[in-house]
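Its first residue numbered 66, the sequence shown is counted upward by one per residue in my numbering.
Even for Gly, the Cβ is constructed at its ideal location relative to N, Cα and C.
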Amino acid sequence: MFRAAKTGMIAVALTASAFTYTAGPANAVTDYANCDGMHRDFKYGVARSKAAANHQANTGHYRPAVRPAVYRANSESDADHDGTACEVTR
Ligand SMILES: [Ca+2]
66 MFRAAKTGMI
76 AVALTASAFT
86 YTAGPANAVT
96 DYANCDGMHR
106 DFKYGVARSK
116 AAANHQANTG
126 HYRPAVRPAV
136 YRANSESDAD
146 HDGTACEVTR
């Protein structure tokens with residue numbers, strides 16, 4: 066009886082953690098295949114910091130979204146390593 070109760074608790078714990086894992090779209094970060102994909106969600110690209118976004122705005126680009134986690138997942142799309150992936154020239 067005790068063993069059955071314990072097993073039940075483990076099942077509940079596993080279910081709860083699986084739910085937490087899959088129910089986190091607010092924290093989900095997409096690794097886009099390319100800039101066309103990123104631009105569907107972030108029209109003017111993604112900057113790693115506000116300073117990087119300011120740099121784009123001050124150098125003839127549209128202001129990108131500041132999303133450090135998204136930038137980290139897509140840093141390969143920052144070919145010129147200026148802190149913004151997929152920036153768009155104005
Ligand atoms: Ca860049």
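Judging by CA-CA distance, which residue of the options is the nearest neighbour of residue i?
| i | options | result |
| --- | --- | --- |
| Gly-125 | Thr-95, Glu-152 and Ala-93 | Glu-152 |
| Asp-145 | Gln-121, Pro-133 and Tyr-127 | Gln-121 |
| Ala-118 | Asp-106, Asp-96, Pro-133 and Ala-98 | Pro-133 |
Output the boundary residues of the alpha helix (DSSP H) element that contains residue i.
| i | result |
| --- | --- |
| His-120 | 115-122 |
| Asp-235 | Outside the shown range of the chain, which is 66 to 155, sits residue 235, and nothing can be said about it. |
| Ala-11 | Because the chain here runs from 66 to 155, residue 11 falls outside it and cannot be looked at. |
Regarding residue i and ligand 1, is the C-beta to nearest heavy atom distance less than 7 Å?
| i | result |
| --- | --- |
| Thr-149 | yes |
| Ala-144 | yes |
| Glu-141 | no |
Express the C-alpha separation of residue j and residue i in angstroms, rounding to a whole number.
| i | j | result |
| --- | --- | --- |
| Ser-142 | Val-94 | 15 Å |
| Ala-150 | Asp-96 | 12 Å |
| Ser-114 | Val-131 | 6 Å |
| Val-135 | Asp-106 | 11 Å |
Skipping 5 residues on each side, what residues in its chain have a beta carbon closer than 7 Å to that of residue i?
| i | result |
| --- | --- |
| Tyr-127 | Tyr-109, Val-153 and Arg-155 |
| His-104 | Cys-151 |
Grab me the residues of residue i's own chain with a C-beta within less than 8 Å of its C-beta, minus the 5 sequence neighbours each way, in chain order.
| i | result |
| --- | --- |
| Thr-99 | Note on residue identity: the sequence assigns Asn, not Thr, to residue 99. Correct list, in chain order: Ser-142. |
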